[in-house]
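Novice:
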Amino acid sequence: MRNEEVLSVRGDGELIARAGHLFESVRTEFLCAARDLRTWSHPGARAAVRNRMRAAAPTAFTPQKLLSPVALTDEEARAHLRLVRGQGALVRISRSPLPHETILIDRRVMILAGPEGPGGREYTVTTSQVLVDGVRSLFQALWDTSDDLETYLRGDFPHLDADGRTILKALGSGQTDEAAAKGLGVSVRTYRRRVAELMAELEADSRFQAGLRAGELGLSR
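Residue numbers (this note's numbering): 1 to 221.
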């Protein structure tokens, strides 16, 4: 890319085809902030990026990955992040909202991922130093106030069972207590007790607040 250039592409395939060489250029710093682990929809896209980086980097660097609690909603995701950390990456969890994905390479290139669309995600790639420096400063501020992966997992992140998730969905959909209790196969009294326990686990003062807290953590999905 030329200096100060902005490139927009649609879908993982086009991103790799037109900007994949940028991942090969990583030398000193690779920063990634993402809401969850589902940014790359193309099965081989993430592996292609990872392989390019491994093959091309002549010197060791430590990738930094900043994720929201949504990325920890299932055991498979947590296991993946532990594996990434075991391979040398630094992983932190931010309690602040994060975009779909932002990648910063060597303080000179930035890649922004948009929401999923009919033709795949739209990616914006830029070498504008003003934009790169500004977003990197925001990344650093969030990084400094975030928790290490294992520290976060040992903290107050609620691990809900299948019934707990079903109750959250019932609360979010506006079901009556009677209908939700019937769906779970329990009495209304038992259902209401479970709702109260769930609210306490989510540190919520009301059912509405429990829904907001669950959405923030990605537990209601």
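For every residue, glycine included, the Cβ atom is placed at its ideal position computed from N, Cα and C.
Considering only C-alpha positions, which residue in the set V70, R107, T145 and P118 is nearest to V135?
Specialist: Here the closest residue by C-alpha is R107.
Novice: Opposite R92 in the DSSP bridges: which residues?
Specialist: Partner(s): L66 and D148.
Novice: Tell me the rounded alpha-carbon separation between I111 and P69.
Specialist: Going by the C-alpha atoms only, they are around 22 Å apart.
Novice: If you pair each beta-carbon of the region 89–103 with each one of the region 136–154, do three or more pairs fall below 8 Å?
Specialist: Output reads yes: the region 136–154 touches the region 89–103.
Novice: With DSSP collapsed to three states, give me the class of T126.
Specialist: Three-state DSSP puts T126 in a strand.
Novice: Assign V109 to one of three DSSP states: helix, strand, or coil.
Specialist: If DSSP states are grouped into helix, strand and coil, V109 belongs with the strands.
Novice: With distances taken between CB atoms, is the gap from D163 to L184 smaller than 8 Å?
Specialist: Yes, these two residues count as a Cβ contact at 8 Å.
Novice: Does the region 77–84 come close enough to the region 11–27 that 3 or more CB-CB pairs lie under 8 Å?
Specialist: No, the region 11–27 does not touch the region 77–84.
Novice: In angstroms with no decimal places, state the Cα-to-Cα distance between E29 and Q175.
Specialist: So the two alpha carbons sit approximately 49 Å from each other.
Novice: Near L5, what residues of its chain come up, given a Cβ to Cβ distance below 6 Å and the 5 sequence neighbours on each side ignored?
Specialist: Here residue 5 turns out to be Glu, not Leu, going by the sequence shown. Cβ neighbours of E5 beyond the five flanking positions: T127.
Novice: Using only the alpha-carbon positions, how far apart do D144 and I105 sit?
Specialist: For D144 and I105, the distance between alpha carbons rounds to 19 Å.
Novice: Could you tell me the boundaries of the beta strand (DSSP E) in which S25 lies?
Specialist: Where S25 is concerned, there is no enclosing beta strand (DSSP E), given that its DSSP letter is neither H nor E.
Novice: Can you have a look at A210 and say buried or exposed, based on whether 16 or more other CB atoms are within 10 angstroms of its CB?
Specialist: That one is buried.
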